[in-house]
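Enquirer: In order, the protein sequence lines correspond to chains W and D. Each residue of the first sequence is one higher than the last, beginning at 1 in the UniProt record's numbering. Each residue of the second sequence is one higher than the last, beginning at 1 in the UniProt record's numbering.
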Amino acid sequence: MEFSELIRTGRAQAQLLRGPEAPPLRGTLCVTGHHLLLSPGPQSTPDLWLLLLRSVDSIEKRVAGDSGTITLRCKDLRVLQLEIEGVEATLDIARSIEALSSLESVITSFPFFYRPKGLRLGDSWHFLPPERYYKRVARETDAWRLSEVNEDFGLCPSYPRAVIVPRAVDDDVLARSARFRQGGRFPVLSYSHAPSGTVLLRSSQPLTGPQKRRCAEDEELLRAVLAGARPGARGFILDTRSAQAAKQARMTGGGTEAKAAYPGWKRLHRPLERGRPLQESFVRLVEACGDPEQSMDRWLSRLEGCRWLAHVKEALSTACLAAQAMEREGACILVHGAEGTDSTLLVTSLAQLILDPMSRTIAGFQELIEREWIQAGHPFQLRCAHSAFSQARPKHEAPTFLLFLDCVWQLGRQFPLSLEFGEGLLLALFEHAYASPFGTFLCNSEKERCLCEVRTRTHSLWSGLNQPKEQRKLRNPLYVLNPLAIWPSVEPQSLRLWQGLFLRWTHPPEPAEVAWEKVWQIVTGREETEGSQPTASA
Amino acid sequence: MEFAELIKTPRVDNVVLHRPFYPAVEGTLCLTGHHLILSSRQDNTEELWLLHSNIDAIDKTSEWRLSYVNKEFAVCPSYPPIVIVPKSIDDEALRKVAMFRHGGRFPVLSYYHKKNGMVIMRSGQPLTGTNGRRCKEDEKLINATLRAGKRGYIIDTRSLNVAQQARAKGGGFEQEAHYPQWRRIHKSIERYHILQESLIKLVEACNEQAHNMDRWLSKLEASNWLTHIKEILTTACLAAQCIDREGASILIHGTEGIDSTLQVTSLAQIILEPRSRTIRGFEALIEREWLQAGHPFQQRCAQSAYCNSKQKWEAPVFLLFLDCVWQILRQFPCSFEFNERFLTMLFEHAYASQFGTFLGNNESERCKLKLQQKTMSLWSWVNRPSELSKLTNPLFEANNLVIWPSVAPQSLQLWEGIFLRWNRTSKYLDEAYEEMVNIIEYNKELQAKVNILRRQLAELETEDGMQESP
Numbered sequence: 001m002e003f004s005e006l007i008r009t010g011r012a013q014a015q016l017l018r019g020p021e022a023p024p025l026r027g028t029l030c031v032t033g034h035h036l037l038l039s040p041g042p043q044s045t046p047d048l049w050l051l052l053l054r055s056v057d058s059i060e061k062r063v064a065g066d067s068g069t070i071t072l073r074c075k076d077l078r079v080l081q082l083e084i085e086g087v088e089a090t091l092d093i094a095r096s097i098e099a100l101s102s103l104e105s106v107i108t109s110f111p112f113f114y115r116p117k118g119l120r121l122g123d124s125w126h127f128l129p130p131e132r133y134y135k136r137v138a139r140e141t142d143a144w145r146l147s148e149v150n151e152d153f154g155l156c157p158s159y160p161r162a163v164i165v166p167r168a169v170d171d172d173v174l175a176r177s178a179r180f181r182q183g184g185r186f187p188v189l190s191y192s193h194a195p196s197g198t199v200l201l202r203s204s205q206p207l208t209g210p211q212k213r214r215c216a217e218d219e220e221l222l223r224a225v226l227a228g229a230r231p232g233a234r235g236f237i238l239d240t241r242s243a244q245a246a247k248q249a250r251m252t253g254g255g256t257e258a259k260a261a262y263p264g265w266k267r268l269h270r271p272l273e274r275g276r277p278l279q280e281s282f283v284r285l286v287e288a289c290g291d292p293e294q295s296m297d298r299w300l301s302r303l304e305g306c307r308w309l310a311h312v313k314e315a316l317s318t319a320c321l322a323a324q325a326m327e328r329e330g331a332c333i334l335v336h337g338a339e340g341t342d343s344t345l346l347v348t349s350l351a352q353l354i355l356d357p358m359s360r361t362i363a364g365f366q367e368l369i370e371r372e373w374i375q376a377g378h379p380f381q382l383r384c385a386h387s388a389f390s391q392a393r394p395k396h397e398a399p400t401f402l403l404f405l406d407c408v409w410q411l412g413r414q415f416p417l418s419l420e421f422g423e424g425l426l427l428a429l430f431e432h433a434y435a436s437p438f439g440t441f442l443c444n445s446e447k448e449r450c451l452c453e454v455r456t457r458t459h460s461l462w463s464g465l466n467q468p469k470e471q472r473k474l475r476n477p478l479y480v481l482n483p484l485a486i487w488p489s490v491e492p493q494s495l496r497l498w499q500g501l502f503l504r505w506t507h508p509p510e511p512a513e514v515a516w517e518k519v520w521q522i523v524t525g526r527e528e529t530e531g532s533q534p535t536a537s538a
Numbered sequence: 001m002e003f004a005e006l007i008k009t010p011r012v013d014n015v016v017l018h019r020p021f022y023p024a025v026e027g028t029l030c031l032t033g034h035h036l037i038l039s040s041r042q043d044n045t046e047e048l049w050l051l052h053s054n055i056d057a058i059d060k061t062s063e064w065r066l067s068y069v070n071k072e073f074a075v076c077p078s079y080p081p082i083v084i085v086p087k088s089i090d091d092e093a094l095r096k097v098a099m100f101r102h103g104g105r106f107p108v109l110s111y112y113h114k115k116n117g118m119v120i121m122r123s124g125q126p127l128t129g130t131n132g133r134r135c136k137e138d139e140k141l142i143n144a145t146l147r148a149g150k151r152g153y154i155i156d157t158r159s160l161n162v163a164q165q166a167r168a169k170g171g172g173f174e175q176e177a178h179y180p181q182w183r184r185i186h187k188s189i190e191r192y193h194i195l196q197e198s199l200i201k202l203v204e205a206c207n208e209q210a211h212n213m214d215r216w217l218s219k220l221e222a223s224n225w226l227t228h229i230k231e232i233l234t235t236a237c238l239a240a241q242c243i244d245r246e247g248a249s250i251l252i253h254g255t256e257g258i259d260s261t262l263q264v265t266s267l268a269q270i271i272l273e274p275r276s277r278t279i280r281g282f283e284a285l286i287e288r289e290w291l292q293a294g295h296p297f298q299q300r301c302a303q304s305a306y307c308n309s310k311q312k313w314e315a316p317v318f319l320l321f322l323d324c325v326w327q328i329l330r331q332f333p334c335s336f337e338f339n340e341r342f343l344t345m346l347f348e349h350a351y352a353s354q355f356g357t358f359l360g361n362n363e364s365e366r367c368k369l370k371l372q373q374k375t376m377s378l379w380s381w382v383n384r385p386s387e388l389s390k391l392t393n394p395l396f397e398a399n400n401l402v403i404w405p406s407v408a409p410q411s412l413q414l415w416e417g418i419f420l421r422w423n424r425t426s427k428y429l430d431e432a433y434e435e436m437v438n439i440i441e442y443n444k445e446l447q448a449k450v451n452i453l454r455r456q457l458a459e460l461e462t463e464d465g466m467q468e469s470p
């Protein structure tokens, strides 16, 4: 398939309306294989306007007289309008955009062609989070080892090559345990909390089935975890499904860990929403945000009805529970849902932000996302195929990663000095997860990324974000290293709608940006003044 | 025209100034082109500039004048002794107009928009009653504010229904037949016990250990507090739009003209005039549009949200105003010289204070109570540098703009700083604030040091230079 086959009209005259954010642009519109380009006329700014076609969520066209309007609703919630001269041009361009924005093939997507100046291929792919994280763990305790049993992704197609497991357990045990867990996701180390000598693990549901099967190796694995932790440590299995859902799962081959089989481990249920209901919640919230004319009552009603904030509360509460059990009760935690690729990762990554000051630095946070989301096998390609505006039939989409970012934002709001990064980084991650010129969020697992050669043929988002000129927008100027755990309040009154994301395009961002810039000026002004003090001369 | 031509006597000694809330001051009075300056002989008072901030406006236009008709508070018990009225209306006419308006509150100048000369006036409702009474002096008064051939707007803060029903009790609204140049707009704003109930419900919801997001949002919606905020801000924006965009003068009134009227006039000034967003300007706004304008603080702030005894006249009208200011401040974080703490402080002192500023219901009562001799003023404490530094906004950048707040429901938020203040420690937010203030202070110190060192360097260089020349 050639891109050119999908492009019917190369170019047309058009005007782009960008809402309250910027004045309209007039010029020549072109459709290429990956982008929509607007080349401005002689009287406008010299910059070329680009839109990655992949970021288009839905497209609407209208024709009247001899011109047409195309409304593009993007995955990052921006809405753009193009007024195009010529009815046929309008229809052709609309069709081309529709076809090109929904291509499913990974290896022909833009990251494989993106070659910006100043970045070298292969930069920033070198840090392999499980290996690096293992070095950190090994410094604190020798109860764990790095296993490469999944070297060829044969044991678990959604895990990375290397995983951290108890030293006392050998690879055969892991192999058996993998066969007892959905998708082969046997329990692995997510986080080791040195101050209390306890650990956080994650997995998927055990395949007990209606016959209540057991697996000696899986039990051995979890016994070894407790043995290697602080003496006398208890264990909690945090199941992100309701007790009923977990019981029902047995009918289809899944289930829960039997109490008798796992002495020392107690099971807790904290249901977290996932899948279709979560996507619907997102869609309804975005709808409500898009209507400025509604009455206050209707707005609050819709806000309540979409339940997005309720999901934020549940996620943060569960993460707090896990963190509390580790830090205050000296217990080890195993988190799993059904597949172990969605709400499980939400809980483990948030718990680490609460407990571990390293994950609150920019570098640490990037590593956390690589390790606990990307390499841990969260199916980004499936989950972020469509955003809130899409009219396509929903399949596997769900905004779990966005929910994580929202929870991080809540943390940053309650602890404004404790995160090294600001809202800008979270917004960037949201955008790039759905559509990006970088390869970081492509595919659904490490296995797929190796097959597509993502690491050698695309650029990493981190190398893009870590350039000095981007740092100002992403860093928090008020950051001070906070070595303690940060305990967020999960009272409903303490949680807020993330305006900066959900109301980003409907309200002019100018005053907030001006304020951020001003804070930066004040802070860097101080640094410059310190630096420019002339030293006493002889 | 030279200012000097207009100033007959530039300077007078041994003048004694009496003001509400301050002890009498003796000093020398000077008149300049734009200000009255009183320079005090006594050590502990500072120089006083600009006794009445609207004098500036009058000086320039000569369409307005100061009237002392109310100096004994006989004409209107809730107005201050000095009011600003159109020049062409004499005091006799004012007395007649006062009898035609609720509580004697005849239309007076609230704000003069320098850009185009349009004005905001406020008053009480006209006492048309069921007979359709009219008062020619009243019509003449407000028509005097219109330029030739232009229309004005009357913003009535009651719904049309309520305004019509008011006639049965002797009140009413301005009829088109008698006021042909004025277009009437009804923008209903809630008042009295409904507001107090709204506050009580909101505070209950905030204190509830709900543990349930749906319940919280439900109760927040049921309290209707944010709906009231939206109503008030929308009306204020409308008023400001009439002035700035339509270029028309407006008259605002409700029933008595002491509650929602003042909310609208003061918020409209925050939108239109950058000076009201400075600390001194805002203090002057509160003095003028709330204290002197006769908002019955004693009655409205007798009880707050927790009180169990029967409520009579209480209503959180001033708190709603402060909340609206906070909403605008949040949307325009660089446009206000003061920060949230300033607003919180005003809220506290309106209800209970060791200062006399918010005591009494109007100027007349304050004079009778001799508050200026017997009590200290809140402003004298707040304006000390050590206090002011805590209440200043480090991000403030003076601008000359009119700022238009968004009144979409998504843009309005619950004022955490008041309603969720005691729910959880704001320790971290305070820390962030402290950090910012420290950074700015340190910045200033370093800058000062740099300047000193630079000067020293320059001196050393010139010395060297002098030594070198033969």
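No residue lacks a Cβ here, since even glycine has one placed at the ideal position from N, Cα and C.
1) Got a sec: which bits of the stretch 207 to 220 of chain D sit with their beta carbon under 8 Å from any beta carbon on chain W, in order along the chain?
2) According to a CB-to-CB cut-off of less than 8 Å, which residues of the stretch 461 to 488 of chain W neighbour chain D?
3) Decide yes or no for the touch test of the stretch 458 to 473 of chain W against the stretch 380 to 394 of chain W: beta carbon pairs closer than 8 Å, at least 3 of them.
4) In the DSSP assignment, what are the bridge partners of residue 49(W)?
5) Below 8 Å between beta carbons: does that hold for residue 157(D) and residue 234(D)?
6) Buried or exposed, going by whether 16 or more other CB atoms sit within 10 Å of the CB of residue 193(D)?
7) Closer than 8 Å between beta carbons: that is the criterion. Which residues of the stretch 434 to 449 of chain D meet it against chain W?
8) If you draw a straight line from the C-alpha of residue 331(D) to the C-alpha of residue 324(D), how long is it?
9) Is residue 296(W) buried or exposed, if buried means 16 or more other CB atoms sit within 10 Å of its CB?
10) Closer than 7 Å by beta-carbon distance: list the chain D residues that pair up with residue 310(W), in chain order.
11) Taking a Cβ distance cut-off of 8 Å, strictly less, list which residues of the stretch 327 to 338 of chain D are near chain W, in chain order.
12) If residue 157(W) sits next to residue 371(W), beta carbons under 8 Å apart, how far is it from one beta carbon to the other, in whole angstroms?
13) Got a sec: is the Cβ-Cβ distance from residue 297(W) to anything in chain D below 8 Å?
14) Does DSSP put residue 278(D) in a helix, in a strand, or in coil?
15) Three or more beta-carbon pairs under 8 Å between the stretch 345 to 356 of chain W and the stretch 275 to 295 of chain W, yes or no?
16) Note down the Cα distance separating residue 375(D) from residue 93(D), rounded to an integer number of angstroms.
17) If we define contact as Cβ-Cβ less than 8 Å, is residue 340(W) a contact residue for chain D?
18) I'd like to check one pair, residue 435(D) with residue 425(W): are the Cβ atoms closer than 8 Å?
19) So that I know if they touch, is there some Cβ in chain W lying closer than 8 Å to that of residue 391(D)?
20) Listing by chain order, which chain D residues have their CB less than 8 Å from the CB of residue 515(W)?
21) Using a Cβ-Cβ cut-off of 8 Å, state whether residue 410(W) counts as contacting chain D.
22) Let me make sure I understand the geometry here. Which of 189(W), 325(W), 448(W) and 175(W) has the alpha-carbon closest to that of residue 146(W)?
23) Establish whether the CB of residue 281(W) and some CB of chain D are separated by less than 8 Å.
24) When you check each C-beta in the stretch 227 to 261 of chain D against every C-beta of chain W, which residues fall closer than 7 Å?
25) Would you mind listing the beta strand (DSSP E) stretches within the stretch 176 to 222 of chain W that are 3+ residues and don't spill past its ends, in chain order?
26) Per the DSSP calculation, residue 269(W) is bridged to which residue(s)?
27) Shorter than 8 Å from the beta carbon of residue 410(D) to some beta carbon of chain W?
28) Assuming residue 497(W) contacts residue 303(W) under a Cβ cut-off of 8 Å, what Cβ separation, rounded to an integer in Å, is found between them?
29) Run through chain W and tell me which residues come within less than 7 Å of residue 420(D), C-beta to C-beta.
30) Return no unless some Cβ of chain D is closer than 8 Å to the Cβ of residue 304(W).
31) Does the beta-carbon distance from residue 339(D) to residue 278(D) come in below 8 Å?
32) Taking the beta carbon of residue 480(W) as the centre, do at least 16 other beta carbons fall within 10 Å, making it buried, or is it exposed?
33) Cutting at 8 Å between CB atoms, please list the residues of its own chain near residue 360(D), excluding the five before and the five after it.
34) Can you confirm whether residue 458(D), when its beta carbon is compared against all beta carbons of chain W, has any partner nearer than 8 Å?
35) Checking contacts by CB at 8 Å: is residue 432(D) closer than that to chain B?
36) Hey, quick one: how far does the alpha helix (DSSP H) through residue 331(W) stretch, first residue to last?
Expert: According to the data block:
1) 209, 210, 211, 212, 213, 214, 215, 216, 217, 218 and 220
2) 478 and 480
3) no
4) 38(W)
5) no
6) exposed
7) 435, 436, 439, 440, 442, 443, 446, 447 and 449
8) 11 Å
9) buried
10) 213 and 214
11) 331, 332, 333, 334 and 335
12) Rounded, the Cβ-Cβ distance is 18 Å, inconsistent with contact.
13) yes
14) coil
15) no
16) 37 Å
17) no
18) no
19) no
20) 333, 334 and 395
21) no
22) 189(W)
23) no
24) 227 and 230
25) 188 to 193 and 198 to 202
26) 239(W)
27) yes
28) 7 Å
29) 493
30) yes
31) no
32) exposed
33) 297, 298, 366, 369 and 371
34) no
35) Protein chains W and D are contained in the structure displayed, whereas chain B is not.
36) That residue, residue 331(W), is in no alpha helix (DSSP H); its beta strand (DSSP E) goes 331 to 336.
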